[in-house]
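Here you go:
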């Protein structure tokens, strides 16, 4: 039987002002080149089109940054970073997906899981009050959401 739902708790990080930030998060396993892999925590961002990772992750995955297409990434507040576009295999909520990734030239950049290649594979619910994210894959569960949206 295939996965029907996965519920994951939000992540927590300390901010510069020593406050706690809580955010939708997902631990993902990424398959790199020559069998190299990386397990990493991503901020799930429905406002991001493409998944973004720091360039240091590319090295850990054996990805040659010179082989990717050069792109400019614009974030909130108009901040721009340059990077290179690649496609990698991500294990997301029980599925293996080929996900477009931009490795940005900043080791401080957060890992952000964007919509492209991921969100269309699931019905995703952000339960903000409970600080949990739900990934639904089973057709009957997705139909239930469809009735709520009708």
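Numbering (our numbering), first residue to last: 4 to 153.
Glycine included, every Cβ here is placed at the ideal spot set by N, Cα and C.
Item	Value
Residue environment, residue 12, which counts as buried when at least 16 other CB atoms sit within 10 Å	exposed
Nearest to residue 58 (by Cα), restricted to the options 68, 72, 131 and 52	68
Continuous beta strand (DSSP E) stretch holding residue 28: start and end	28-34
Alpha-carbon spacing of residue 152 relative to residue 91, whole angstroms	32 Å
CB contact flag (residue 96, residue 9, <8 Å)	yes
Short CB-CB distance (under 8 Å) between residue 150 and chain C	The structure shown contains no chain C, having only a single protein chain.
Residue 86 classed as buried or exposed, judged by whether at least 16 other C-beta atoms fall within 10 angstroms	buried
Inter-residue spacing [alpha-carbon to alpha-carbon] between residue 135 and residue 29	10 Å
Rounded Cβ spacing between residue 121 and residue 84 (contact assumed at less than 8 Å)	Not quite, the Cβ-Cβ distance comes to about 21 Å (not below 8 Å), so this is no contact.
Cα-Cα separation, residue 38 to residue 112	25 Å
Nearest neighbour of residue 40, chosen from 47, 24 and 62 [CA to CA]	62
N-terminal and C-terminal residue of the beta strand (DSSP E) that residue 83 is part of	83-95
Pairwise C-alpha distance: residue 18 and residue 7	35 Å
Close-in-space but distant-in-sequence residues of the same chain around residue 14 (CB under 8 Å, 5 per side omitted)	25, 26, 27, 28, 44 and 46
Beta-ladder partner(s) of residue 103, from DSSP	90
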